[in-house]
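Q: Residue numbers (full-length UniProt numbering): 1 to 240.
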Amino acid sequence: MAAVQSGGNAQPSKTWELSLYELHRTPQEAITDDTEIAVSPRSLHSELMCPICLDMLKMTYTTKECLHRFCQECIITALRSGNKECPTCRKKLVSKRSLRPDPNFDALISKIYPSRDEYEAHQERVLEKLAKHHSTQALANSIEEGMKQQALSRQQRVRKHHPVMSDPTEETAEAMDEQPPTPLLAPPVPEIPTGPSEVGPSRTEVKRPPEISPVKQAVQRLDPTWGSHQNPRRPWKYRV
Numbered sequence: 001m002a003a004v005q006s007g008g009n010a011q012p013s014k015t016w017e018l019s020l021y022e023l024h025r026t027p028q029e030a031i032t033d034d035t036e037i038a039v040s041p042r043s044l045h046s047e048l049m050c051p052i053c054l055d056m057l058k059m060t061y062t063t064k065e066c067l068h069r070f071c072q073e074c075i076i077t078a079l080r081s082g083n084k085e086c087p088t089c090r091k092k093l094v095s096k097r098s099l100r101p102d103p104n105f106d107a108l109i110s111k112i113y114p115s116r117d118e119y120e121a122h123q124e125r126v127l128e129k130l131a132k133h134h135s136t137q138a139l140a141n142s143i144e145e146g147m148k149q150q151a152l153s154r155q156q157r158v159r160k161h162h163p164v165m166s167d168p169t170e171e172t173a174e175a176m177d178e179q180p181p182t183p184l185l186a187p188p189v190p191e192i193p194t195g196p197s198e199v200g201p202s203r204t205e206v207k208r209p210p211e212i213s214p215v216k217q218a219v220q221r222l223d224p225t226w227g228s229h230q231n232p233r234r235p236w237k238y239r240v
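#1: Please state whether the Cβ-Cβ distance between D106 and M56 is less than 8 Å.
#2: Using CA atoms only, rank isn't needed, just tell me which of R159, P114, S95 and T62 is closest to E47.
#3: Suppose the cutoff is 7 Å on Cβ atoms and the five residues either side in sequence are ignored; what does the same chain contact list for C89 look like?
#4: Please report how far the alpha carbon of R154 lies from the alpha carbon of T136, in whole angstroms.
#5: Taking its Cβ as the centre, do 16 or more other Cβ atoms sit within 10 Å of I75, making it buried, or is it exposed?
#6: On the DSSP letters alone, give me the boundaries of the beta strand (DSSP E) that T77 sits inside.
#7: Look at K132 and A138 and say whether their C-beta atoms are less than 8 Å apart.
#8: Just verifying my parser: in three-state terms, what is the DSSP assignment at K160?
#9: Give me, in chain order, the residues of the same chain whose beta-carbon lies closer than 6 Å to that of V199; leave out the 5 immediate sequence neighbours on both sides.
#10: Would you tell me roughly how many angstroms separate the C-alpha atoms of S19 and R125, rounded to the nearest one?
#11: Classify L99 as helix, strand or coil using the three-state DSSP reduction.
#12: Could you pull the DSSP bridge partners for Y61 from this structure?
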């Protein structure tokens, strides 16, 4: 317990308590020779990064209670929003009076990154590229372009499987105009075999109707019905 006194016999005006870590920690000795310490880029980036904006520290402010570093704009905005605690360890921060500037750390960052403006310009280009390909507007544009491509491929498939048919009447008329006129031929007269066939095992025989004598022919001219009940005319018969 420590106290600050304003006079010889006056009561202490301010008191504060030290944590166990602060009571038992050992101070680090300053490096005065040419000793070099190798630090990995990942650990260096984590030390130089603001926990709120996840960017490199700018105008560094350090908390008096827990010694965590933040950008001035980030930590002041967090305190004004009503979050009265450290964003890293959740230790209580009353107001801006719990912070102090850290120009030494800003000088260290300037020593490590002398061309910080170029680095920030590169970061802006990377963010713009990511926003172009991953923003909501880019997603909407990609969906619209994909729908157009699907409609175009669907039309091509329909044309491939179902080609456009022309008028059949016009095609028939054009075909008839192109073809030469066909000559008209009389139908062939079938030949009736009169004897046994010489080719093949089967034979065809044709029976002719019996010949009628001239007397019967004269009587039939006078009376057509005569002889129809006695010797009716038989049709031709074929046997294969």
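For glycine and all other residues, C-beta sits at the position ideal for the given N, C-alpha and C.
For clarity, every value in this text was computed on a predicted model and none was experimentally measured.
A: Short version:
#1: For the purposes of this step, residue 106 is taken as the residue at position 106 of the sequence shown. For the purposes of this step, residue 56 is taken as the residue at position 56 of the sequence shown. It is not a contact, given that the beta carbons lie outside the stated cut-off.
#2: To locate residue 47, count along the sequence shown from 1; it is residue 47. Of the candidates R159, P114, S95 and T62, the one whose C-alpha sits nearest the C-alpha of E47 is T62.
#3: Mapped onto the sequence shown, residue 89 falls at position 89. So the list reads C66 and H68, once near-sequence residues are dropped.
#4: Reading the sequence shown from its first residue, position 154 is the one you call residue 154. Reading the sequence shown from its first residue, position 136 is the one you call residue 136. Near 27 Å, if we compare the C-alpha coordinates of T136 and R154.
#5: The residue labelled residue 75 in the question sits at position 75 within the sequence shown. Label assigned to I75: buried.
#6: As a first step, residue 77 is located in the sequence shown; it is residue number 77 there, counting from the start. Not the beta strand (DSSP E): T77 falls in the alpha helix (DSSP H), residues Q72 to R80.
#7: Reading the sequence shown from its first residue, position 132 is the one you call residue 132. Reading the sequence shown from its first residue, position 138 is the one you call residue 138. Yes.
#8: For this step, residue 160 is matched to residue 160 along the sequence shown. Here DSSP, grouped into helix, strand and coil, assigns K160 to helix.
#9: The residue labelled residue 199 in the question sits at position 199 within the sequence shown. Because the pLDDT at V199 is just 49, under 50, the model does not fix this residue reliably, and the value given afterwards should be weighed accordingly. No residues qualify anywhere along the chain.
#10: As a first step, residue 19 is located in the sequence shown; it is residue number 19 there, counting from the start. As a first step, residue 125 is located in the sequence shown; it is residue number 125 there, counting from the start. Going from the Cα of S19 to the Cα of R125 covers about 45 Å.
#11: Within the sequence shown, residue 99 is the residue found at index 99, counting from 1. It is a strand residue.
#12: The residue you call residue 61 lines up with position 61 of the sequence shown. Per DSSP, F70 and P101.
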